[in-house]
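There are 4 protein chains.
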Amino acid sequence: MNFGVIGFGYWGPNVVRNLTSLDGSQVLAIAELSPTARKRAQKAYPGIHVTADVSDLMKSPDIDAIAVITPVWTHYELAKAAIENGKHVFVEKPFTSTTAQGEKLIELAQRKNLRIMVDHTFLFTGAVKKIASLLGEGTLGKLYYYDSTRVNLGLFQHDINVLWDLAPHDLSIMDYLINASPEAIVATGQKHLNCHEDIAFMTLYFPEKVIAHINVNWLSPVKVRTTLIGGEKRMLVWNDLEADEKVKIYDKGVNITNREGVYELLVSYRSGDMWAPQLEQVEALRQELSYFVDCIDNGKDPHNDGCAGLRVVRMLEAATDSLNKNGALVYL
Amino acid sequence: MNFGVIGFGYWGPNVVRNLTSLDGSQVLAIAELSPTARKRAQKAYPGIHVTADVSDLMKSPDIDAIAVITPVWTHYELAKAAIENGKHVFVEKPFTSTTAQGEKLIELAQRKNLRIMVDHTFLFTGAVKKIASLLGEGTLGKLYYYDSTRVNLGLFQHDINVLWDLAPHDLSIMDYLINASPEAIVATGQKHLNCHEDIAFMTLYFPEKVIAHINVNWLSPVKVRTTLIGGEKRMLVWNDLEADEKVKIYDKGVNITNREGVYELLVSYRSGDMWAPQLEQVEALRQELSYFVDCIDNGKDPHNDGCAGLRVVRMLEAATDSLNKNGALVYL
Amino acid sequence: MNFGVIGFGYWGPNVVRNLTSLDGSQVLAIAELSPTARKRAQKAYPGIHVTADVSDLMKSPDIDAIAVITPVWTHYELAKAAIENGKHVFVEKPFTSTTAQGEKLIELAQRKNLRIMVDHTFLFTGAVKKIASLLGEGTLGKLYYYDSTRVNLGLFQHDINVLWDLAPHDLSIMDYLINASPEAIVATGQKHLNCHEDIAFMTLYFPEKVIAHINVNWLSPVKVRTTLIGGEKRMLVWNDLEADEKVKIYDKGVNITNREGVYELLVSYRSGDMWAPQLEQVEALRQELSYFVDCIDNGKDPHNDGCAGLRVVRMLEAATDSLNKNGALVYL
Amino acid sequence: MNFGVIGFGYWGPNVVRNLTSLDGSQVLAIAELSPTARKRAQKAYPGIHVTADVSDLMKSPDIDAIAVITPVWTHYELAKAAIENGKHVFVEKPFTSTTAQGEKLIELAQRKNLRIMVDHTFLFTGAVKKIASLLGEGTLGKLYYYDSTRVNLGLFQHDINVLWDLAPHDLSIMDYLINASPEAIVATGQKHLNCHEDIAFMTLYFPEKVIAHINVNWLSPVKVRTTLIGGEKRMLVWNDLEADEKVKIYDKGVNITNREGVYELLVSYRSGDMWAPQLEQVEALRQELSYFVDCIDNGKDPHNDGCAGLRVVRMLEAATDSLNKNGALVYL
């Protein structure tokens with residue numbers, strides 16, 4: 393599978409490194425606007441065509457798929473051009489700036505029978521895969537809540553706010569784990585430095601009393617990547633900054649009884665062992681790209697396809713709407 | 393100063409222990425409905441009159457002040473009776489169930505020239521005092537945000553939800569530190585087990601772009617007591633579960649420049665030393681009660697008086713209102 | 393069971409509190425030399441006879457057992473007098489200043505058919521009990537090593553060095569867990585402030601290649617209470633400062649193979665899950681004293697009897713010998 | 393400066409990467425016995441001559457310096473050949489297998505006026521540089537102790553024991569920081585799996601009551617890299633596994649007074665703020681190699697020269713001697 397990669401800034405080099413080292417794929421061309429980044433790319437990969445002109449990639453008959461690793465506002469035009477030129481596309485998260493754009497890309501790809509994969513890298517980590525299997529096996533019991541804190545100092549994005557920058561991680565993970573769409577969203581936040589929110593909080597109401605919450609912040613002195621997931625039977629803590637033991641499952645919970653003759657509910661606590669399962673140690677991006685190559689080869693849609701990307705954009709749009717109304721409930 | 397104490401459940405014994413060991417105060421009587429708790433009280437304090445009847449305390453001519461350490465729905469009636477009987481009152485947080493009740497108590501105490509103190513214990517900890525002095529001296533610069541997480545497994549309260557149970561701590565601390573009243577509040581949450589929310593999130597919009605956020609949860613497998621406070625010049629983390637180094641100040645921040653001819657803001661990060669100041673090690677409740685005795689002696693109102701208690705109740709009422717409307721913005 | 397308690401300094405009040413609250417025991421008298429401590433004792437326990445004269449306790453016909461909670465250099469004389477007066481004794485750790493003293497006390501008690509218990513409190517904690525059962529069930533496999541770090545800032549003892557102050561904890565735990573006596577001991581250390589070592593390190597060679605190591609330090613800026621225990625099949629970390637999850641068991645180990653035709657051993661690592669079992673939450677001292685009362689009642693020797701105390705003193709003596717010779721190997 | 397690099401296993405690639413990216417140096421040839429590693433080297437560096445024959449490097453007139461990144465038992469022969477062929481040498485730690493070998497290399501290099509640098513990488517980390525400057529400025533006051541724990545699961549070395557594998561880090565750091573040579577060494581340890589110790593403890597007696605201790609272990613379930621350094625005025629903790637705040641300085645200490653008329657010393661504790669200075673964030677190896685190029689250019693000996701390497705080997709030899717005698721005191 394021959395790839396063209398657009399964008400060689402922060403994340404692009406990781407995509408190129410993995411695509412070149414995988415057995416089933418190679419990179420034929422890299423397009424990048426910054427001369428410095430082009431120089432870096434050319435030095436690291438003397439055998440790859442490095443260019444400032446994306447049309448070199450779009451028009452190359454040898455290129456099967458294009459990876460769009462650029463700012464979100466450019467995704468639509470670049471992915472559209474790629475699809476129109478018959479290329480499969482791998483698009484950085486968030487998928488597009490609007491749901492309308494996402495819908496058009498999906499429709500276009502369907503018509504051309506091409507694959508879209510949105511780079512929801514976290515879905516391919518050992519931690520998320522383990523959590524998904526725990527939820528799937530009913531280890532936690534009925535899900536109660538999902539609460540993620542994702543804060544650190546910067547980097548400020550010039551074109552998007554902290555929600556669009558950091559929350560897509562959590563939204564794509566939730567979308568994958570919870571297996572349902574939120575019914576309504578409330579988002580609050582504040583702009584301290586410029587015209588974009590640098591701190592924001594998001595509540596998502598899912599069916600069956602599942603509630604999710606995301607805390608994102610570009611102005612935190614410490615880096616935090618912690619998610620609490622509570623269920624009827626067990627609860628877990630995923631701390632992505634731990635070197636080992638990223639996921640800890642607690643055999644803790646609440647028992648509710650309603651004894652005859654007693655009006656009020658009796659709540660009692662159950663406390664037990666904790667365990668931290670060993671997690672798969674592979675590089676998530678490598679697995680994701682290998683899966684993409686496999687999906688293209690076999691003509692099947694990945695689970696993180698355009699529709700998954702679109703669901704995340706829809707949540708971001710609703711959150712933006714709520715944020716602009718200072719926390720109004722926005723139904724999806 | 394002679395005290396009567398109503399309520400000898402979880403917190404009451406601490407109040408009694410401190411009042412009896414302080415030089416300026418003693419406890420003459422304890423009123424408690426539970427026979428078991430009365431027995432415990434009598435065994436621990438053979439010299440104190442222990443009774444099931446609060447009117448023993450209300451009517452005792454020897455008692456100067458009454459501490460009301462009971463569930464919130466009983467505060468108004470008990471405090472009202474105490475004040476009407478000419479006693480100063482120390483009331484457990486939250487002050488009252490409604491702002492109307494709080495206002496009546498304040499008015500009544502003013503008319504009788506009696507003191508009300510609301511038990512905002514955290515204001516008397518070494519950590520909060522240090523943070524207050526750091527903010528006062530401008531160490532953090534202009535305040536940007538206050539973000540508190542206060543989660544653990546239980547205890548479920550039968551009469552109030554998690555917001556009324558846990559958030560008063562943060563609201564009273566904020567009220568003390570920020571020195572301004574919020575303009576509007578958004579609260580979201582969910583009830584999983586019974587008719588009270590067991591998980592809730594609250595955003596408070598203060599003047600001048602200060603934003604505060606509180607995350608409270610009765611269903612967390614791990615206990616967290618962490619507050620991030622960000623300012624223009626420095627940021628701090630207060631982790632109340634650390635044995636030492638509860639407060640860490642980071643010489644980190646963001647510099648914004650708007651170079652001539654450049655449309656967009658340029659944001660750069662500043663990173664420097666961290667330091668953890670030594671904190672006062674005294675028992676907060678002891679300091680608070682000593683301060684109350686002193687306020688009564690000198691006829692002055694404490695900073696955590698009925699008005700402070702009322703401000704917290706007002707925020708809780710607004711939050712409840714917002715929560716019932718699934719996150720609608722409620723102005724104060 | 394009627395107790396007399398000698399010593400009401402740091403630890404004595406805990407012994408008195410537990411003996412008075414247990415069903416099977418009460419405290420009739422407390423002997424203490426310091427007038428301030430006597431005053432404190434009398435205020436807290438108006439019903440107990442508080443005296444400066446230990447012979448009040450020794451000669452009281454009503455007292456069945458005496459707890460000696462005093463500096464180690466006084467243990468022998470006090471315990472001897474107690475036993476000679478027909479009392480059972482509970483002695484603070486370390487048992488005695490010399491093995492000779494310990495042997496005499498054991499012999500004397502045997503002759504009088506009285507019980508000795510040495511206060512090895514840690515053996516009654518949930519953590520040590522759990523570790524003992526894990527080792528007993530073979531969960532760790534053959535034991536490889538036991539490595540404990542027990543450091544903090546002070547308190548300096550005026551009569552003993554850091555080894556005699558802190559190492560008895562580890563030595564009594566090892567004695568209980570390893571179930572074998574060390575063959576030889578090496579100890580090193582240094583005196584920085586006065587005539588007693590304030591930092592010391594101890595290596596114990598047990599049979600079958602089991603090695604133990606203890607790091608004790610009165611001059612550490614941070615408090616550490618961590619023990620690593622490695623076995624052929626699994627390894628564990630016991631961090632006594634953790635609020636929860638004090639004991640973590642790692643399904644990690646080393647596999648050794650010696651393939652035919654290959655001279656050198658092939659070592660491969662096995663890595664798996666970690667789990668933290670729930671621990672019993674009772675107060676260790678309470679359990680220990682309850683067990684003592686039970687042993688007296690039933691005329692049986694506790695596992696932490698004089699012989700256990702003597703084994704610890706023997707190790708301390710050997711360590712002192714080695715320390716004085718700058719680390720010479722001392723056989724036991 | 394043209395380099396040849398011998399060894400492209402675990403550490404060699406890092407040396408090559410840095411030498412090729414530095415302005416003042418390039419790599420002309422890599423020698424490596426393993427065909428797989430040679431293939432990897434050739435793929436990553438198509439422009440560099442990769443060979444199985446070290447004599448290609450030794451005899452190349454274009455090569456100015458040779459980096460010996462191979463097992464310790466090969467260092468002497470390789471470094472000797474390099475020096476004899478007029479090349480400067482950069483040798484992996486530990487310098488040599490014996491002090492005799494080290495002495496010969498130093499003498500040889502002196503005669504040929506060539507530079508030797510021993511790869512004591514840690515001396516170039518931000519943490520060690522900061523600690524050195526704190527000690528130099530007297531921030532800690534007179535040094536009391538240095539206590540390092542360096543444990544993890546494997547990797548087992550087939551040719552050396554855990555002391556020779558892990559302790560060189562600590563010994564080179566001590567040598568750099570303490571600025572004095574130990575007078576005597578005690579080492580203990582145990583072999584569980586094969587003929588090499590897998591766990592070992594080392595005490596070093598320095599002049600003026602400075603004591604150092606090293607705990608190294610290949611069989612620990614958790615990775616620890618923590619060093620406590622205690623001084624008369626302040627103490628510090630260096631935790632190399634922390635992402636930020638690797639070095640924390642505690643304004644804690646002990647005050648000793650000897651009041652007139654009082655025989656015993658009075659020890660009181662002082663407790664104050666903690667601070668974590670910001671550390672330099674550069675890659676240590678890069679700095680070290682850049683410093684080596686600079687030393688060669690300017691004909692000056694680096695501080696981590698052959699003599700520094702020899703001092704570390706001398707300590708390892710003494711420790712081995714003590715270890716073989718089960719902890720006998722060995723004078724240096």
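Residue numbers (my numbering), protein chains in the order written: chain X, 393 to 724; chain B, 393 to 724; chain A, 393 to 724; chain E, 393 to 724. The beta carbon of each residue, even a glycine, is placed where N, CA and C say it ideally should be. None of the values given here were measured: they were computed from a predicted structure.
- For the region 605-631 of chain E, the beta-carbon criterion of a distance under 7 Å to any beta-carbon of chain B is satisfied by none of its residues.
- When DSSP reads this structure, residue 398 of chain X sits in a beta bridge with X:423 and X:460.
- Residue-level contact by beta carbon fails for residue 538 of chain X and chain B, as no gap is shorter than 8 Å.
- At a cut-off of 8 Å between beta carbons, residue 646 of chain E contacts chain A.
- As the crow flies, the alpha-carbon of residue 695 of chain A is around 12 Å from that of residue 702 of chain A.
- Its chain contains 393, 394, 395, 411 and 412 as the residues whose beta carbon lies nearer than 8 Å to that of residue 418 of chain A, once the 5 sequence neighbours on both sides are disregarded; these appear in chain order.
- Residue contact with chain B for residue 664 of chain X: absent (no Cβ-Cβ distance below 8 Å to any residue of chain B).
- In the DSSP assignment, residue 484 of chain X forms a beta bridge with X:511.
- Exclusion of the five residues before and after residue 707 of chain E leaves 563 as the residues of its chain whose Cβ lies within less than 6 Å of its Cβ.
- Scanning X:501, X:667, X:438 and X:684 for the CA closest to the CA of residue 643 of chain X turns up X:667.
- Leaving aside the five residues that flank residue 671 of chain X on each side, the residues in its chain whose CB is nearer than 7 Å to its CB run, in chain order, 518, 519, 522, 638 and 639.
- Counted as a single uninterrupted DSSP element, the alpha helix (DSSP H) harbouring residue 467 of chain E occupies residues 467-476.
- Beta bridge pairing from DSSP links residue 660 of chain B with B:647.
- Annotation: the continuous beta strand (DSSP E) that includes residue 613 of chain X extends over 611-623.
- According to the DSSP assignment, residue 568 of chain E belongs to the alpha helix (DSSP H) that extends over 554-570.
- Along the region 709-722 of chain E, the positions whose C-beta sits under 9 Å from a C-beta of chain A are 714, 717, 718, 719, 720 and 721, read in chain order.
- Annotated three-state conformation of residue 540 of chain A is strand, per DSSP.
- Taking a Cβ-Cβ threshold of 7 Å, the residues of chain X close to residue 593 of chain B are 593, 595 and 605, in chain order.
- For residue 642 of chain A, at least one C-beta of chain E is nearer than 8 Å to its own C-beta.
- Bounds of the alpha helix (DSSP H) holding residue 450 of chain A are 446-451.
- Within the same chain, 442 come within 7 Å of residue 434 of chain E by CB-CB distance, once the 5 residues on both sides are set aside.
- Contact between residue 724 of chain A and residue 486 of chain A is ruled out by a C-beta separation of about 16 Å, above the 8 Å threshold.
- Fewer than three Cβ pairs drawn from the region 615-635 of chain X and the region 501-520 of chain B lie within less than 8 Å of each other, which leaves the two stretches out of contact.
- Per DSSP, the beta-bridge partners of residue 593 of chain X are X:580 and X:607.
- Per the DSSP secondary-structure output, residue 519 of chain E pairs with nothing in a beta bridge.
- When C-alpha distances from residue 705 of chain X are compared across X:645, X:678, X:611 and X:560, the shortest belongs to X:560.
- Residue 443 of chain X has X:423 as its beta-bridge partners, per DSSP.
- Residue 456 of chain A is not a Cβ neighbour of residue 472 of chain A, given a cutoff of 8 Å.
- Using a 10 angstroms sphere on the CB of residue 607 of chain A, the tally of other CB atoms reaches 16 or more, which defines it as buried.
- Annotation for residue 588 of chain X: 553 place their beta carbon closer than 6 Å to its own, counting only its chain and skipping 5 residues before and after.
- The beta carbon of residue 719 of chain E lies closer than 6 Å to those of 578 and 580 in the same chain, with the five residues before and after it left out.
- In the pairwise beta carbon analysis, the region 529-543 of chain A is classified as touching the region 608-617 of chain A: at least three pairs are separated by under 8 Å.
- In the three-state reduction of the DSSP assignment, residue 631 of chain X falls in the strand class, which pools E and B.
- Boundaries of the alpha helix (DSSP H) harbouring residue 685 of chain B: 676-690, taken from the DSSP string.
- Fewer than three Cβ pairs drawn from the region 676-696 of chain B and the region 524-541 of chain B lie within less than 8 Å of each other, which leaves the two stretches out of contact.
- The beta carbon of residue 478 of chain B does not come within 8 Å of any beta carbon belonging to chain X, so the residue lies off that interface.
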